[in-house]
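K.L.:
In this text, residue positions in the sequence shown follow the working numbering: the first is 105, and each later residue adds one.
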Amino acid sequence: MFRFHKTLDIVTLFQKSGSPASLRAATILKQVSANASETATEDQASDHSHQTHPQRSRQEFELNITEDPPTTDQLKTILEYVGKSKISSIVQGATTENEALKKFRENADNFKRPVIVDWNNGKAVASDKESEILKMLEQVNGEV
Numbered sequence: 105m106f107r108f109h110k111t112l113d114i115v116t117l118f119q120k121s122g123s124p125a126s127l128r129a130a131t132i133l134k135q136v137s138a139n140a141s142e143t144a145t146e147d148q149a150s151d152h153s154h155q156t157h158p159q160r161s162r163q164e165f166e167l168n169i170t171e172d173p174p175t176t177d178q179l180k181t182i183l184e185y186v187g188k189s190k191i192s193s194i195v196q197g198a199t200t201e202n203e204a205l206k207k208f209r210e211n212a213d214n215f216k217r218p219v220i221v222d223w224n225n226g227k228a229v230a231s232d233k234e235s236e237i238l239k240m241l242e243q244v245n246g247e248v
């Protein structure tokens with residue numbers, strides 16, 4: 105019998121080189137990715153923790169770290185993920201999607217970094233705070 109392997113979720117960190125905040129966010133994401141990868145390779149035949157503690161850890165994911173700004177389409181998607189109330193946390197000085205896109209086109213540096221995006225699960229956060237990053241990554245386990 106064979107089974108289909110689920111493709112890994114893709115999580116992207118948009119960072120700024122030399123930024124302490126970006127460095128913190130990258131470190132947190134690498135740790136979570138390593139932990140998820142480690143638990144995914146355990147002998148799962150004898151490990152029943154996924155039944156007793158279903159929200160214990162994040163599923164394994166592919167981590168992409170880039171210094172490039174997002175494309176305009178990616179930015180639109182990110183803005184949808186964070187919601188109208190948090191647009192200003194993604195694009196400096198913007199309060200609406202149209203304003204954010206205009207400011208981004210004027211200067212890509214208006215895009216605040218670090219921004220972490222979980223593309224497969226429709227989540228994004230602009231933060232280097234471990235609690236916010238972990239909350240975004242772990243929300244997936246609580247959903248059915």
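C-beta: ideal position from N, C-alpha, C; glycine also.
1) Buried or exposed for Pro-158, please, with buried defined as at least 16 other CB atoms from any protein chain shown within 10 angstroms of its CB.
2) In the structure shown, what three-state DSSP assignment does Ile-224 receive?
3) May I ask you to list the residues that DSSP assigns as paired with Asn-168?
4) Looking only at its chain, what residues have a beta carbon closer than 7 Å to the beta carbon of Val-219, apart from the 5 residues adjacent to it on each side?
5) Sort Arg-209, Glu-164, Gly-197, Ile-169 by Cα distance to Leu-179 and report the nearest one.
6) Residues in its own chain within less than 7 Å of Glu-234 by CB, not counting five upstream and five downstream?
7) Identify which residue in Asn-168, Gln-196, Ala-125 has its Cα closest to the Cα of Ser-137.
8) Rounded to whole angstroms, what's the CA-CA distance from Leu-238 to Thr-170? Just pull it up for me.
9) Can you tell me whether Pro-124 is buried or exposed? The criterion is at least 16 other CB atoms within 10 Å of its CB, across all chains shown.
10) Excluding the five sequence neighbours on either side, which residues of its own chain have a C-beta within less than 8 Å of the C-beta of Ser-121, listed in chain order?
P.N.:
Reading off the structure:
1) Confidence is the limiting factor: at Pro-158 the pLDDT is only 43, short of 50, which leaves the residue's position unreliable, though a coordinate-based value still follows. Classification for Pro-158: exposed.
2) At residue 224 the sequence reads Asn, which differs from the Ile that was named. If DSSP states are grouped into helix, strand and coil, Asn-224 belongs with the helices.
3) Residue pairing of Asn-168 in beta bridges, as defined by DSSP: Thr-116.
4) Around Val-219: Phe-118, Ile-182, Ile-194, Ala-228, Ala-230.
5) Per the C-alpha coordinates, the member of Arg-209, Glu-164, Gly-197, Ile-169 positioned closest to Leu-179 is Arg-209.
6) Ile-132.
7) Ranked by Cα distance from Ser-137, the options Asn-168, Gln-196, Ala-125 are led by Asn-168.
8) A direct Cα-Cα distance of roughly 20 Å separates Leu-238 from Thr-170.
9) Pro-124 comes out exposed.
10) Spatial neighbours of Ser-121 in its own chain (CB-CB distance under 8 Å, excluding positions within 5 residues in sequence) are listed in chain order as Glu-171.
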